[in-house]
Amino acid sequence: MEKETKQNLLFSAYQYKILIGGIVAIALGFILMIGGGSDNPEVYSDAIFSFRRIHLAPTIVLLGFAICVYSIFAKQKVK
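In this note's numbering, each residue carries its 1-based index in the sequence shown increased by 433.
Here it is in structure tokens:
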């Protein structure tokens, strides 16, 4: 009288792949924001205001969050 219970995952493999892609995009955006500082606090550097740190990196982070939200709402593929 054993009942076999099939254990269902919260997401499908497809959704997990999308979620991992979103997490990688978020990490890449934060990596692109790194740097721009100076070893000497008396020296000013314009490197902190580069296109990469001000525009590109935050856009990639927001895109990564959007991908993660999409992975949550995406329909599971039926076999």
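Think of the CB as a built atom: it goes at the ideal place given N, C-alpha and C, for glycine as much as any other residue.
*Can you tell me whether S478 is buried or exposed, with buried defined as 16 or more other CB within 10 angstroms of its CB?*
exposed
*Can you give, in chain order, each stretch of the beta strand (DSSP E) that sits fully within the segment 463-492 and has at least 3 residues?*
none
*Taking DSSP as the reference, what is the three-state secondary structure of K508?*
coil
*So which of A446, L443, A460 and Y447 has the shortest CA-CA distance to L496?*
A460
_Sufficient close CB pairs (3 or more, under 8 Å) joining the segment 465-479 to the segment 496-506_ = no
_Collapsed DSSP secondary structure at Q440 in the structure displayed_ = coil
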